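Participant: Numbering-wise, UniProt numbering puts 154 at position 154 of the sequence shown, and it's gapless, one number per residue.
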Amino acid sequence: MAAPLYAWPWEFLGSYKYVLYAICIAKDMYTRYQQETIKDSWILHIFILSMARLIMYQSWTSYSNMLFLTRNRRIIKKGVDFKQIDKEWHWDNFILLQAMVACLVLYMFPTIGKQPMMNKNGIITTILLHIAISEPVFYCVHKCFHGDYLFSHYHSLHHSSAVPQAYTAGHATFLEHLLLTAVIGIPIIGSFLIGCGSLSLIYAYVLGFDLLRCLGHSNVEIIPYQIFEAIPFLRYLIHTPTYHSLHHAEIGTNYCLFMPLFDALGNTLNRKSWKMHKKNCLDSGKNGRVPDFVFLAHVVDLSSSMHAPFVNRSAASMPYYMRIYVMPFFPLAFLVMLAMWVKSKTFLISSYNIRGRLHQTWAVPRFGFQYFLPFAAKGINKHIEEAILRANRLGVKVISLAALNKNEVLNGGGTLFVDKHPNLKVRVVHGNTLTAAVILNEIPQHANEVFLTGATSKLGRAIALYLCRKKVRVLMLTLSTERFKNIQKEAPLDCRKFLVQITKYQAAQNCKTWIVGKWITPREQNFAPSGTHFHQFVVPPILQFRRDCTYGDLAAMKLPEDVDGLGSCEYTMERGVVHACHAGGVVHALEGWKHHEVGAIDVDRIDLVWKAAIKHGLKPVSSTINVA
C-alpha cells in the first residue's frame, strides 16, 4: 500500500486530467460575461501561464534529445529508455496542481486579483524573499526527504529516473509537489502582502523558476566554466546541470534548489562539482564515443518526420500513427523540409547500447517522395556517401542502409559506394539477407507452392532461389522473360523446374501462400483463394482488404533483451522492434563480419544470418515464424 499523499488525486483520470483545465476556461468566460477586463481576468492568465510552462518543459526536453546538437555536452551519456519514459508520462501533474491552488487562493482572497499589471519593486522583493525563505526551506525539506523513511516512501520515485531531463523535474509524489508549491508560492504571496505584487511578477518569477529547474535537470552542460573562473563567487549563486547531476549520482550531496551557497553553509557541497563542471565543458569540444554500428535512416513523410524523440519524446516512444494534434505543425514541418532540401547534413536522432556496444541511428535529410524524383538521385547519393565516409573516418565498424537508402535503382543496394571507395574500413550493409530470412521462416513448412510478386527484385530473387532449392514451386509474377531466365539460370539444374513464370494474377487463384513484394490493389487481391495468407516485403504495406484472408507484417525482429537506453519506436514498429534490414546490420556488427553486404543477396548466407540473429537474442515477431 502506498504511503499517504503518494499518489495524485486525479491519477484515475489518466490523460483525461486535462479536462480540469476547462475549469479555468469556464471561469474566464464567466468573468467576461461580467464585463471584467482582461487585466482582471486572472483565471485566464493562470491558464496561459500553465500552457507557457508546459511549452518550456517540452522545449527543454526536446533540446536535451537533440543529439545532433548535444551529444558531446551530455553529462550522462546513456539514452532515456522506455521504462523511464513511462514513469514520467504524467510529469506535468504539478503544473495542474499549482494552477488549481492558484485558482483556490484567488477564490479565497479575491483582493489579490486587483493588483496592477506591473510594479517595479516587485521583482526585487520577490528575489529577496526567494533567497531568504524559499532557498533555505527547500534545502531543509529536501535534506529531510533523503532520510530513510521519506526517501524510501516518497523521494526514491524521483531518483528512479536514471537520466535527468526537464520532465524529470516534475516526476515526484503528490506530497513533494505540495511542498514545492509552498516553496514557489512564498515569495509571490509575500510580495502581494507587502503591496509589491503584480501580474508581470507572477509570470517572471514562475517562468524563471521553471527555467532554472529545467536547466538543472537538462543533463546538458551549457554554462561555460570561464564565467566561474572570472567571478568565483558566482558559482555559489547558480547551480549547473553538472552540479545537479551529482546529486542524482552521489545521493547525500548538493541538496540546494538553485543556489549552491546553502550546500556550502550546510556542509553538503560535493567537492567535485566545479572540477567536473570544467571537465564537462572542456569535453564538449571533443568528439564523444565512436559508435560500433550506425543505421542510416531517412524521413518517410511530413507526419512521420515529427515522430522523433527531439520533437515529442512520449509520442516517439509509441508506434507511429497519424496524430491529429500534430496537424497544426505541418506548415512548420514543411518549411523544415525545404530547408533540409536546400542544405543540411546527416544528423543523429537516437542511440542505444547492446552488450556495451554503442548503436546509433543517423538520418539522411531527405523525405520519401524525393527518392522517386530523377533529378534528386545525385544529391541523395551524395548525402549517403558523405555519411559512409564520415562513419569511416570516425572508426564505425558497420553502417546499415535503410529502405530507400539502398534502392537498387539509386545505388545498386550500396554497391555504388563500395566500388567507388574500395578501401573502406567501415562495412556497408543493406541487411536484406536477414529480411529474406525472416520472410522465408514465416512460410509454413508444409507449403509446396507459393505465389511471388516483385519476383525479380533483390529480395524476390533470393526468396525464389531459396524456395526452389527446398523443392517448393514458385509462381513468379513478371512480364520480363529475360529477367526470369537469368534468375532461373542461378538455380541448380535439378531445381529450375520449380521456378515458373506467370504474367497474370489469375494463375495464382489456387495458391494460398502469397508473398507480396510489389504493391497489389484490392482488385488483384480478389484472385487469391479464401484462407490465403499474404506475406509481404512491400512498402507501404498492402491494404488489408480481404476479411477471409490473413495478412503478415513487414519483416521485423525484436532486439535482444539486454538492449539499453532505447526509448523510441522505429516508425510503425512496436517497442524494441526494428525492421529486419536494421536487425541485419545489428547482427553483422555483433558477429564482427568483415565483408560488405551490398548488391545481390547471397542465398547461401540466408540460413547462416538467421541462426546468428537467433544466437544473439534477436527474436522474430511474427506468430507464424519457424524457429529452428
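We treat Cβ as the ideally placed atom computed from N, Cα and C, and that holds for glycine.
Bear in mind the structure is a predicted one, so any value in this text is a computation, not a measurement.
1. On the DSSP letters alone, give me the boundaries of the alpha helix (DSSP H) that isoleucine 43 sits inside.
2. From valine 474 to glutamate 408, what does the alpha carbon distance come to, in whole angstroms?
3. Please classify histidine 535: does DSSP put it in a helix, a strand, or coil?
4. So for glutamate 449, helix, strand or coil by DSSP?
5. Span of the alpha helix (DSSP H) holding lysine 275?
6. For lysine 406, count neighbouring C-beta atoms within 10 Å of its own C-beta (all shown protein chains included) and say buried if the count is 16 or more, exposed if not.
7. Quick check for students: name the residue ranges of the alpha helix (DSSP H) that lie wholly in the stretch 78 to 157, counting only runs of 4 or more.
8. Where do the N-terminal and C-terminal ends of the beta strand (DSSP E) with methionine 363 fall, by residue?
9. Under three-state DSSP, which class holds threonine 550?
10. Can you tell me the Cα-Cα spacing of aspartate 210 and serine 161, whole angstroms?
11. Within 10 Å of its beta-carbon, does arginine 523 have 16 or more other beta-carbons around it, so buried, or fewer, so exposed?
12. May I ask you to report which of helix, strand or coil DSSP gives methionine 557?
13. So the candidates are Gly170, Met100, Gln84 and Phe12; which of them puts its Cα closest to the Cα of leucine 54?
14. What separation, rounded to the nearest whole angstrom, lies between the Cα atoms of histidine 383 and tryptophan 274?
15. Measure the beta-carbon distance from leucine 479 to glutamine 488 and round it to whole angstroms, keeping in mind my assumption that it falls under 8 angstroms.
16. Going by beta carbon distance, what residues of the same chain come within less than 6 angstroms of methionine 340, once the five residues before and after it are set aside?
17. Counting only the same chain and skipping the five closest in sequence on each side, list residues whose C-beta sits under 8 angstroms from that of glutamate 176.
18. Return the bridge partner residues of tryptophan 514 from the DSSP annotation.
19. Taking 8 angstroms as the cut-off, does the stretch 277 to 285 touch the stretch 219 to 233 (at least 3 CB pairs, one atom from each stretch)?
20. Am I right that valine 621 and methionine 557 are in contact with their C-beta atoms under 8 angstroms? What's the rounded C-beta distance?
21. So, is arginine 271 buried or exposed, given that buried needs 16 or more other C-beta atoms within 10 angstroms?
22. Tell me which same chain residues have a C-beta within less than 8 angstroms of the C-beta of methionine 66, skipping the five on either side of it?
23. Please check the pair histidine 430 and leucine 401, which I expect to be a contact at CB under 8 angstroms, by giving their CB distance rounded to whole angstroms.
24. Starting from serine 200, trace the alpha helix (DSSP H) in both directions and tell me its first and last residue.
25. How many Å lie between isoleucine 399 and phenylalanine 293 at the Cα?
26. Whether or not the stretch 546 to 554 and the stretch 449 to 457 are in contact is what I'm after, with contact meaning three or more pairs of Cβ atoms, one per stretch, closer than 8 angstroms; do they touch?
Facilitator: Per the coordinate set shown:
1. Per DSSP, isoleucine 43 belongs to the alpha helix (DSSP H) from 42 to 64.
2. Their backbone Cα atoms lie some 23 angstroms apart in a straight line.
3. Per DSSP, reduced to three states, the secondary structure at histidine 535 is strand.
4. strand
5. 273 to 283
6. buried
7. 82 to 87, 93 to 108, 122 to 129 and 135 to 144
8. According to the sequence displayed, residue 363 carries alanine and not methionine. Per DSSP, alanine 363 belongs to the beta strand (DSSP E) from 357 to 367.
9. strand
10. 19 angstroms
11. Exposed, because fewer than 16 other Cβ atoms sit within 10 Å of the Cβ of arginine 523.
12. strand
13. Gly170
14. Roughly 41 angstroms separates the two Cα atoms.
15. The Cβ separation is near 15 angstroms, so there is no contact.
16. Pro365
17. Phe145, Tyr154, His155 and His158
18. Phe451 and Phe534
19. The answer is yes - the stretch 277 to 285 touches the stretch 219 to 233, with three or more Cβ pairs under 8 angstroms.
20. 7 angstroms
21. exposed
22. Phe310
23. 5 angstroms
24. If you look at serine 200, you'll find it in the alpha helix (DSSP H) that goes 199 to 217.
25. 6 angstroms
26. With the cut-off at 8 angstroms, the stretch 449 to 457 and the stretch 546 to 554 do not touch.
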